[in-house]
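2 protein chains.
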Amino acid sequence: MTGVLYDRVALIGLGLIGSSLAHVIRREKLAKTIAGHARSAETRETARRIGLVDEIHESAAKAVKDADLVILCTPLGAYGKLAEEIGPRLKAGATVSDVGSVKGAVVRDVGPHMPANVHFIPGHPVAGTEQSGPESGFAELFTNRWCILTPLPDSDAAAVARLEKFWRASGSNVEKMNPDHHDMVLAITSHLPHLIAYNIVATAADIEDVTNSEVIKFSAGGFRDFTRIAASDPTMWRDVFLNNKDAVLDTLGRFSEDLSVLQRAIRWGDGETLFNLFTRSREIRRSIIAAGQETAAPDFGRRPDTPSPREAGRGRGPREGAGG
Amino acid sequence: MTGVLYDRVALIGLGLIGSSLAHVIRREKLAKTIAGHARSAETRETARRIGLVDEIHESAAKAVKDADLVILCTPLGAYGKLAEEIGPRLKAGATVSDVGSVKGAVVRDVGPHMPANVHFIPGHPVAGTEQSGPESGFAELFTNRWCILTPLPDSDAAAVARLEKFWRASGSNVEKMNPDHHDMVLAITSHLPHLIAYNIVATAADIEDVTNSEVIKFSAGGFRDFTRIAASDPTMWRDVFLNNKDAVLDTLGRFSEDLSVLQRAIRWGDGETLFNLFTRSREIRRSIIAAGQETAAPDFGRRPDTPSPREAGRGRGPREGAGG
Chain A
6 MTGVLYDRVA LIGLGLIGSS LAHVIRREKL AKTIAGHARS AETRETARRI GLVDEIHESA
66 AKAVKDADLV ILCTPLGAYG KLAEEIGPRL KAGATVSDVG SVKGAVVRDV GPHMPANVHF
126 IPGHPVAGTE QSGPESGFAE LFTNRWCILT PLPDSDAAAV ARLEKFWRAS GSNVEKMNPD
186 HHDMVLAITS HLPHLIAYNI VATAADIEDV TNSEVIKFSA GGFRDFTRIA ASDPTMWRDV
246 FLNNKDAVLD TLGRFSEDLS VLQRAIRWGD GETLFNLFTR SREIRRSIIA AGQETAAPDF
306 GRRPDTPSPR EAGRGRGPRE GAGG
Chain B
6 MTGVLYDRVA LIGLGLIGSS LAHVIRREKL AKTIAGHARS AETRETARRI GLVDEIHESA
66 AKAVKDADLV ILCTPLGAYG KLAEEIGPRL KAGATVSDVG SVKGAVVRDV GPHMPANVHF
126 IPGHPVAGTE QSGPESGFAE LFTNRWCILT PLPDSDAAAV ARLEKFWRAS GSNVEKMNPD
186 HHDMVLAITS HLPHLIAYNI VATAADIEDV TNSEVIKFSA GGFRDFTRIA ASDPTMWRDV
246 FLNNKDAVLD TLGRFSEDLS VLQRAIRWGD GETLFNLFTR SREIRRSIIA AGQETAAPDF
306 GRRPDTPSPR EAGRGRGPRE GAGG
């Protein structure tokens, strides 16, 4: 047990990440008091009902009062205005961090509003599910995942070390890098995959020759894998793409180039190019499994929620299929 | 229990689908004898060692002798030659089917070699995992999945009904459609998703500014979801793309058009277009879950293979994250 790292923590935003932080802070007793803020009355009401945090504030400025650690957990588009609002109310010596999926834009939007006597250390836990809202959080979300911190050149080393300790206590591994590199790494590992997934779901929904009911029925052929991340929060993802434009357009350009090569190989019946490219991909998945970032069970270890009567009572549940 | 539907079944090819068929035929006692053929000596040896089928034949022609049902379970590219080889050895009145992911090409390649006294009924179980080989099969693979049959205009109704009964007994739902429609439906629900997944894995592997080790480490941001289907069998998938060229190029053209719209929205900061498109996708995933083709558990219900000591012994295992 790490023990209390910050007497008072303020979580600004109570969606999947904010609520998961509340759970893990409590489980690990990393703070004495957790204050929470959510813009929507409905979210505040739900948070109150499930006892998510110790105090719920309608005003972000009031939520950060006397807080030793403030974490912005809203979609990125709200950061600038929030920073302007809370800046003057921050406690001297407080640490301000965030969980946003883009870091250059956070430095740009939040940095100017931070008083000189506050430690501003942007962060990004690379973790999540396709679900959102204050009831979607759980304490294990960060276990074995990576949290990236992007301290600024003049960040106080002791404040960074304490924040690092906080994330490790929440179950994460921690890596530090500069904001621009973070934004390029995440463009390829997260932002482009989400864009592609959203896009293929739209393409499938619009195709005239195939009904939506057929797309749904036969989705086990591979399509359904894409729908998971395409079910992620639309506001959050709109803001990611608006705030990481250059890196996303760069990786998207590369993706489209590579796709043209495959397209040409299919058109000209070039089986060798296809085979060679398809062979490379297995190794990367093996490495991801070896690094503990993925399960080795076939089909992600999917289990159907309602096994057919035929299967009930068997020792091993049916594994669902995808492929073909 | 359905009981014996075909006295003797020959499985030509003993990979994921062939070996899963062997398991389910035995579990449901759908045949008295299962004969198997595999081209590779290694596969035959493995099948023998695990007792997968009753007889293993080095020659496909010998495997189909006296068989009442013959199912081609090899990659599509091998069908033509196999059909030529087994055609003259088929038992009068036998049913010949297959499990290939393309149906027009099967009619084209196999049809001409089928004697008039044989029932040729192409089929495709829309099921699979990213794993391959004779040890990857399991009897539950087809449970609650869809098997598509594409009978020809002159197919014998009783033979089609018996094959349908066979697939239902193996746990599948059955739908019938014509081969061309099958190929368009699968192009969007399976072939395009696989192509996109293979492509993004290649793009990520080649990007110079981000190391492969970073791609692996931070893959929980979304990328890892794509690596599952991109780990599928390269030979099988090469053959799918070579044999469903027109439908794949059609859907790929639509996908690229749609992607250009997103690209433009990002470049011009058009958040409304992004938000509206991202909002549509959730409904499709909900429908897939409601149709029993996907689990409702967050993150596919993934479980890490080796929970950290912190988690061991808890009632609820940690759920792994993806997103952000």
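Keeping their order, the protein sequence lines are chains A and B. The numbering of the first sequence is my numbering, which starts it at 6 and goes up by one. The numbering of the second sequence is my numbering, which starts it at 6 and goes up by one. The beta-carbon is built from N, C-alpha and C at its ideal position, and this holds for glycine as well.
Any idea which residues DSSP pairs E180 (chain B) with across the strands?
Reading the second sequence from its first residue, position 175 is the one you call residue 180 (chain B). Answer is B:I153, bridged to E180 (chain B).
Just verifying my parser: in three-state terms, what is the DSSP assignment at I75 (chain A)?
Along the first sequence, read from residue 1 onward, the residue named residue 75 (chain A) stands at position 70. First, the amino acid is wrong: residue 75 (chain A) is Val here, not Ile. Looking at V75 (chain A) - three-state DSSP - the assignment turns out to be strand.
Applying a beta-carbon distance threshold of less than 9 angstroms, which residues of chain B neighbour N183 (chain A)?
Counted from its first residue, the first sequence places residue 183 (chain A) at position 178. None at all; the shortest Cβ gap to chain B is about 12 angstroms.
Who are the neighbours of I17 (chain B) on chain A, taking C-beta pairs under 8 angstroms?
Counting from 1 along the second sequence, the entry for residue 17 (chain B) is found at position 12. Within chain A, no residue has its CB atom less than 8 angstroms from the CB of I17 (chain B), the nearest being about 16 angstroms off.
Quick check on the burial criterion: 16 or more other C-beta atoms within 10 angstroms. Buried or exposed for G18 (chain B)?
As a first step, residue 18 (chain B) must be located in the second sequence, where it is residue number 13. Buried is the call here.
List the endpoints of the continuous beta strand (DSSP E) containing S102 (chain B).
Numbered from 1 along the second sequence, position 97 holds the residue referred to as residue 102 (chain B). Taken as a continuous stretch (DSSP letters only), the beta strand (DSSP E) holding S102 (chain B) covers T100 to D103.
Taking all protein chains shown into account, decide if A72 (chain B) is buried (16 or more other Cβ within 10 angstroms of its Cβ) or exposed.
Taking the first residue of the second sequence as position 1, residue 72 (chain B) is located at position 67. By the neighbour-count rule (16 or more Cβ atoms within 10 Å), A72 (chain B) is buried.
Is any beta-carbon of chain A found at less than 8 angstroms from that of R229 (chain B)?
Counting from 1 along the second sequence, the entry for residue 229 (chain B) is found at position 224. Residue-level contact check: R229 (chain B) touches chain A, since one or more beta carbons of chain A fall below 8 angstroms from its beta carbon.
Based on DSSP bridge pairs, tell me the residues matched to R13 (chain B).
Counting from 1 along the second sequence, the entry for residue 13 (chain B) is found at position 8. Secondary-structure assignment with DSSP links R13 (chain B) through a beta bridge to B:T38.
Within a Cβ cutoff of 7 angstroms, which residues of the same chain sit near K37 (chain B), ignoring the five residues on either side of it in sequence?
Locating residue 37 (chain B) in the second sequence gives position 32, counting from the first residue. Sequence-distant Cβ neighbours of K37 (chain B) in its own chain, meaning closer than 7 angstroms and more than five residues away, are V9, D12 and R13.
For A61 (chain A), report the span of its beta strand (DSSP E) as first-last.
As a position in the first sequence, residue 61 (chain A) is number 56, starting the count at 1. Per the sequence shown, residue 61 (chain A) should be read as Ile rather than Ala. Taken as a continuous stretch (DSSP letters only), the beta strand (DSSP E) holding I61 (chain A) covers E60 to H62.
Neighbour list for R49 (chain A) in chain B, Cβ cutoff strictly below 7 angstroms:
The residue labelled residue 49 (chain A) in the question sits at position 44 within the first sequence. Those do not exist, as R49 (chain A) stays about 23 angstroms from chain B at its closest Cβ, beyond 7 angstroms.
Helix, strand or coil: how does DSSP classify S24 (chain A) here?
Within the first sequence, the letter at position 19 stands for residue 24 (chain A). Note: S24 (chain A) maps to helix in three-state DSSP.
Can you confirm whether the segment 227-236 of chain A touches the segment 286-294 of chain B when touching is taken to mean that 3 or more C-beta pairs between the two stretches lie within less than 8 angstroms?
A contact exists between the segment 286-294 of chain B and the segment 227-236 of chain A.
Should the segment 198-212 of chain A be regarded as contacting the segment 255-274 of chain B, the criterion being three or more beta carbon pairs within less than 8 angstroms?
Short answer: they touch.
Compute the distance between the beta-carbons of V112 (chain B) and I91 (chain B), then report whether it is under 8 angstroms.
Stepping through the second sequence from its first residue, residue 112 (chain B) is reached at position 107. Stepping through the second sequence from its first residue, residue 91 (chain B) is reached at position 86. Going by C-beta atoms, V112 (chain B) is not nearer than 8 angstroms to I91 (chain B).
Does any C-beta atom of chain B lie closer than 8 angstroms to the C-beta of H118 (chain A)?
Walking along the first sequence from the start, residue 118 (chain A) turns up at place 113. Chain B, which has no Cβ nearer than 8 angstroms to the Cβ of H118 (chain A), makes this no.
Straight-line CA distance for L154 (chain B) to H28 (chain B)?
Here residue 154 (chain B) corresponds to residue number 149 of the second sequence, with the count starting at 1. Here residue 28 (chain B) corresponds to residue number 23 of the second sequence, with the count starting at 1. Rounded to the nearest angstrom, the gap between the Cα atoms of L154 (chain B) and H28 (chain B) is 21 angstroms.
Is the segment 109-127 of chain A close to the segment 160-174 of chain A, with three or more CB pairs under 8 angstroms?
In short, these stretches touch, since the Cβ pair count reaches three.
Between the C-alpha atoms of Y84 (chain A) and W172 (chain A), what's the straight-line distance to the nearest angstrom?
Taking the first residue of the first sequence as 1, we reach residue 84 (chain A) at position 79. Taking the first residue of the first sequence as 1, we reach residue 172 (chain A) at position 167. Rounded to the nearest angstrom, the two C-alpha atoms are 21 angstroms apart.
From the DSSP output, in three-state form, read off G128 (chain B) for me.
As a position in the second sequence, residue 128 (chain B) is number 123, starting the count at 1. If DSSP states are grouped into helix, strand and coil, G128 (chain B) belongs with the strands.
Can E33 (chain A) and S137 (chain A) be called in contact, C-beta distance under 8 angstroms?
Here the question's residue 33 (chain A) lines up with position 28 in the first sequence. Here the question's residue 137 (chain A) lines up with position 132 in the first sequence. No, Cβ-Cβ distance for E33 (chain A) and S137 (chain A) is not below 8 angstroms.
Rounded to the nearest angstrom, what separates S261 (chain B) and A252 (chain B) at their Cα positions?
In the second sequence, counting from the first residue as 1, residue 261 (chain B) sits at position 256. In the second sequence, counting from the first residue as 1, residue 252 (chain B) sits at position 247. Just so you know, the alpha carbons of S261 (chain B) and A252 (chain B) end up roughly 14 angstroms apart.
Reduced DSSP secondary structure (H/G/I, E/B, other) of W273 (chain A):
Here residue 273 (chain A) is taken as the residue at index 268 of the first sequence, counted from 1. Note: W273 (chain A) maps to coil in three-state DSSP.
Does F171 (chain B) get closer than 8 angstroms to chain A when you measure Cβ to Cβ?
Translated into positions along the second sequence, residue 171 (chain B) becomes position 166. Not closer than 8 angstroms to any Cβ of chain A, the Cβ of F171 (chain B) fails to qualify, so no.
Return the residues of the segment 139-170 of chain A that lie within a Cβ-Cβ distance of less than 8 angstroms from chain B, sorted by chain order.
Per Cβ criterion, the list reads S141, F143, E145, L146, F147, T148, N149, R150, W151 and I153.
So which residues on chain B does A210 (chain A) lean against when the C-beta distance must stay under 7 angstroms?
Locating residue 210 (chain A) in the first sequence gives position 205, counting from the first residue. Residues of chain B with a Cβ closer than 7 angstroms to the Cβ of A210 (chain A) are, in chain order, R285 and I289.
Name, going along the chain, the residues of the segment 193-206 of chain A whose beta-carbon falls closer than 9 angstroms to a beta-carbon of chain B.
Of all residues in the segment 193-206 of chain A, only I193, T194, S195, H196, L197, P198, H199, L200, I201, A202, Y203, N204, I205 and V206 come within less than 9 angstroms of chain B when Cβ atoms are compared, listed by chain position.
Excluding the 5 residues preceding and the 5 following I30 (chain A) in the sequence, name in chain order all residues of the same chain whose CB lies nearer than 8 angstroms to its CB.
Looking up residue 30 (chain A) in the first sequence gives position 25. Result list for I30 (chain A): V14, A36, I39 and S175, in chain order.
Specify whether the segment 213-223 of chain B and the segment 294-301 of chain A touch according to this definition: at least 3 beta carbon pairs, one from each stretch, less than 8 angstroms apart.
Result yes; three or more Cβ-Cβ pairs closer than 8 angstroms.
For I212 (chain B), which of helix, strand or coil comes out of DSSP?
If you number the second sequence from 1, residue 212 (chain B) lands on position 207. When secondary structure is reduced to three states using DSSP, I212 (chain B) falls in the coil class, being assigned neither helix nor strand.
Can you name, in chain order, every residue of its own chain whose Cβ lies under 6 angstroms from the Cβ of V58 (chain B), other than the five neighbours on each side?
By one-based count along the second sequence, residue 58 (chain B) stands at place 53. Excluding residues within five positions, the ones whose Cβ falls inside 6 angstroms are A27, I39 and G41.
What does the Cβ neighbour count give for I55 (chain A), buried or exposed, with the cut at 16 atoms within 10 Å?
Locating residue 55 (chain A) in the first sequence gives position 50, counting from the first residue. Its Cβ having fewer than 16 others within 10 Å, I55 (chain A) is exposed.
Verify the CB distance criterion: does V107 (chain A) have a CB-CB separation below 8 angstroms to chain B?
In the first sequence, counting from the first residue as 1, residue 107 (chain A) sits at position 102. Not closer than 8 angstroms to any Cβ of chain B, the Cβ of V107 (chain A) fails to qualify, so no.
So, using beta-carbon positions, are S106 (chain A) and V206 (chain A) closer together than 8 angstroms?
Stepping through the first sequence from its first residue, residue 106 (chain A) is reached at position 101. Stepping through the first sequence from its first residue, residue 206 (chain A) is reached at position 201. S106 (chain A) is not a Cβ neighbour of V206 (chain A), given a cutoff of 8 angstroms.
Nearest neighbour of M6 (chain A), chosen from A:G82, A:P303, A:K170 and A:D211 [CA to CA]:
Looking up residue 6 (chain A) in the first sequence gives position 1. Of the candidates A:G82, A:P303, A:K170 and A:D211, the one whose C-alpha sits nearest the C-alpha of M6 (chain A) is A:K170.
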